[in-house]
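Its first residue numbered 8, the sequence shown is counted upward by one per residue in our numbering.
Notes follow the structure.
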Amino acid sequence: MAIAIDFGTSNTVITRWNPVTQQAETLNLPGLSMQQYLNPPLIPSLVYVENASLGKIIAGQQVRDRGLDTKTDQRFFRNFKRGIGADIQGFLPEIDGENITFEQVGKWFLTQVIAELAPLEGGISSLVLTAPVDSFEAYRYWLGKVCQSLPIEEVRILDEPTAAALGYGLTDQGALLVVDFGGGTLDLSLVSLDQGLKTKNKPLGFLLKWGDRNLSENSQQKTKTARVLAKAGQNLGGIDIDNWIVDYFAKTQGLPVSSLTVRLAERVKIQLSTHNQASEVYFHDQTFESYEMDLDRCTLENILRENGFFDKLDDVMMTLLQQARRYGIEIEDINAVLLVGGTVQLPAVQTWIEKYFTPEKIRRQLPFEAIAQGALQITQGIEVKDYLYHSYGVRYWDRRHQRHNWHPIIKTGQPYPMTQPVELVLGASVENQPSIELIIGELGAETGGIEVYFDGDRLITRQLHSQATTVKPLNDTISGSKIAELKPAGFPGSDRIKIYFQVDEQRFLRITVEDLLTNNTLVENQLVAKLS
8 MAIAIDFGTS NTVITRWNPV TQQAETLNLP GLSMQQYLNP PLIPSLVYVE
58 NASLGKIIAG QQVRDRGLDT KTDQRFFRNF KRGIGADIQG FLPEIDGENI
108 TFEQVGKWFL TQVIAELAPL EGGISSLVLT APVDSFEAYR YWLGKVCQSL
158 PIEEVRILDE PTAAALGYGL TDQGALLVVD FGGGTLDLSL VSLDQGLKTK
208 NKPLGFLLKW GDRNLSENSQ QKTKTARVLA KAGQNLGGID IDNWIVDYFA
258 KTQGLPVSSL TVRLAERVKI QLSTHNQASE VYFHDQTFES YEMDLDRCTL
308 ENILRENGFF DKLDDVMMTL LQQARRYGIE IEDINAVLLV GGTVQLPAVQ
358 TWIEKYFTPE KIRRQLPFEA IAQGALQITQ GIEVKDYLYH SYGVRYWDRR
408 HQRHNWHPII KTGQPYPMTQ PVELVLGASV ENQPSIELII GELGAETGGI
458 EVYFDGDRLI TRQLHSQATT VKPLNDTISG SKIAELKPAG FPGSDRIKIY
508 FQVDEQRFLR ITVEDLLTNN TLVENQLVAK LS
């Protein structure tokens, strides 16, 4: 049985492929899914750690049913997806003698969800997971490690916006813009879907793990091809709006900032998706004071505007449209806009989208299910052609500024597999140098980075507007950075090695190293890192 999981910051959706109806269907897992949302069933991405040393947790709706999300408790975790792979500034607790990380919490959550699926008839033969378009390598690497421990033969990964385009089923509409705005991230992706192409022995999607099964050498499959033309993203989501609403009431009414008030703010925000006015009551169990959390749509829009919300949305849209012009695509050439994620249901967000596109082009009917349902399509004969979202570079010493800097070697937008390698020539820097080391990094946006930190028990992200480039080193270890042994030893003053960088069809970065002095090949097609 084929299963797809859209692991979201706020909610998680699970779908399976029904071989009888030949359609994807969303699963309702008792205890994990919110029963009040029978269509579609959503699983809150929540974890409460009962015993860390034994890995015993409570997940999903059970956390809310037991009231474990309404009080400040170091055993309760929400929004942990946003912290996976990020450099967190703040304190993560030690529980039951175990050091807790967001990666561990995420693994507990996904493992428990998959364990609930195991008893289903037929078992799980194929699993598709989705990832935000703006995720760094650390997040995808974490997903890969989680998958290795799962008793599943085949695991694939697909970008969330591409999955959404497939989920809406618009395979003959040309250029499609996916606006994926969930609890933790905003991702825009311009996707082109082509139908009826033939491929032979090509990987469908991106494989994280596979069993012994192989495609027949003589088989040909008719596939639909999803080509990603442009991407833009920002670490901005519904949980930021929840925090801004709490901050508004804290400033105007003196409302305490806590897990409970954030939860009430989320309820107010959800109510405003369908009503002009919303209200919740907070009762302080120590001071016996009560607070009326009354909010209307106009006030919410002012809160969003004061926090630069619409400016951030415009920045992401402009980045996307600039990339699209490289393919000769202007805004009027985009045939449909697909809305995905809970945050797109806010009228303020839909009004913002309508500034750019006519209502006839906007599709709104599958905000929660499109990603998971679309992800299943790659198990049914979908080939996804993509490009590298981030740039990749090598670290060097900047003598002018007396600090390390980064030289790009593979830039954003590079399709893979690469047809021609990128070459780099290096020399020794000291006398009798026995080896050459090279640190390779994943380069983020040059306009600033993302700071992730704690404000009390709230996980906050903030856009940094410095001109420094955000970098995630990929091989910054003693063994990982050493790429070539020099025999004889190297001396400054001349070129010594030539490095060929190549990205293969599985998005692996590989290098070949030639010694220019001895004409020997020191390293041939060696794996360095998996890119994103």
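Cβ atoms here follow ideal geometry from the backbone N, Cα and C, with glycine treated the same way.
Small disclaimer: the values here were computed from a predicted structure and weren't measured.
Cβ shell of residue i (< 6 angstroms), same chain only, five flanking positions each side left out
i	result
residue 298	260, 262, 289
residue 119	66
residue 435	497, 498, 499, 503
residue 63	57
residue 44	The predicted model places residue 44 with a pLDDT of 47, which falls under 50 and marks its position as unreliable; any figure quoted below should be read in that light. Cβ neighbours of residue 44 beyond the five flanking positions: none.
Option in the options with minimal Cα separation from residue i
i	options	result
residue 364	185, 303, 332, 522	185
residue 482	492, 434, 534	534
residue 446	426, 422, 414, 428	414
residue 242	294, 320, 368, 135	320
residue 5	492, 104, 65, 503	The structure shown does not extend to residue 5, since the chain is modelled only from 8 to 539, so the question has no answer here.
residue 133	55, 8, 22, 62	8
residue 382	165, 16, 29	165
residue 330	195, 35, 145, 529	195
residue 337	282, 182, 400	182
residue 421	281, 122, 333	333
residue 493	323, 440, 116, 76	440
residue 489	444, 515, 36	444
residue 287	29, 295, 276	276
residue 424	519, 508, 318, 512	512
residue 385	88, 131, 162	162
residue 279	532, 355, 191, 508	355
residue 379	31, 27, 26, 25	31
residue 106	368, 366, 81, 123	81
residue 135	122, 367, 10	10
residue 90	426, 121, 28, 145	145
residue 403	438, 426, 448	448
residue 83	432, 116, 282, 317	116
residue 125	56, 509, 376, 160	160
residue 291	368, 426, 266	266
residue 522	491, 358, 154, 70	491
residue 335	530, 515, 76, 237	237
residue 40	377, 61, 72, 25	72
residue 283	307, 270, 296, 293	307
residue 149	130, 131, 167, 108	108
Exposed unless 16 or more other CB atoms sit within 10 angstroms - verdict on residue i
i	result
residue 456	Only weak support is given to the placement of residue 456: the predicted model assigns it a pLDDT of 49, under 50, and the value that follows is read from those uncertain coordinates. With 16 or more other Cβ atoms within 10 Å, it is buried.
residue 268	buried
residue 313	exposed
residue 340	exposed
residue 59	buried
residue 325	exposed
residue 170	buried
residue 517	buried
residue 272	buried
residue 19	buried
residue 398	buried
residue 27	exposed
residue 302	buried
residue 239	buried
residue 548	Residue 548 lies beyond the range of the chain shown here (8 to 539); nothing can be said about it.
residue 316	buried
Beta bridge counterpart(s) of residue i as assigned by DSSP
i	result
residue 198	183, 235
residue 448	400, 480
residue 256	Paired residues: none, contrary to the question.
residue 442	492
residue 502	434
residue 2	With the chain covering only 8 through 539, there is no way to say anything about residue 2.
residue 240	194
residue 517	509, 534
residue 3	Outside the shown range of the chain, which is 8 to 539, sits residue 3, and nothing can be said about it.
residue 344	184, 369
8 angstroms Cβ shell around residue i - same chain, five flanking residues per side excluded
i	result
residue 370	175, 177, 343, 344, 345, 346
residue 254	264
residue 401	413, 414, 416, 431, 445, 446, 447, 448
residue 70	51, 53, 54, 55, 76, 83
Chain-order list of residues whose beta-carbon lies under 7 angstroms from that of residue i (same chain, five-residue window excluded)
i	result
residue 373	174, 175
residue 189	15, 16, 17, 244, 245, 348, 349, 350
residue 34	21, 22, 23, 48
residue 328	338
residue 526	none
residue 223	Because the pLDDT at residue 223 is just 28, under 50, the model does not fix this residue reliably, and the value given afterwards should be weighed accordingly. Here the set comprises nothing.
residue 310	251, 252, 255
| Runs of alpha helix (DSSP H) wholly within the segment 353 to 433 (minimum 4 residues, chain order) | Runs found: 354 to 360, 377 to 382.
| query | Fully enclosed by the segment 269 to 342, which alpha helix (DSSP H) runs are 4 residues long or longer? | reply | 304 to 313, 316 to 331
| task | Jot down the residue ranges of each uninterrupted beta strand (DSSP E) in the segment 12 to 84, minimum 3 residues, whole runs only, in chain order. | result | Fully enclosed beta strand (DSSP E) runs of 3 or longer: 18 to 25, 30 to 33, 53 to 58, 63 to 66.
| said: As an exercise, report each continuous alpha helix (DSSP H) stretch of at least 4 residues that is fully enclosed by the segment 96 to 182, in chain order. | reply: 109 to 124, 144 to 155, 167 to 174, all fully within the segment 96 to 182.
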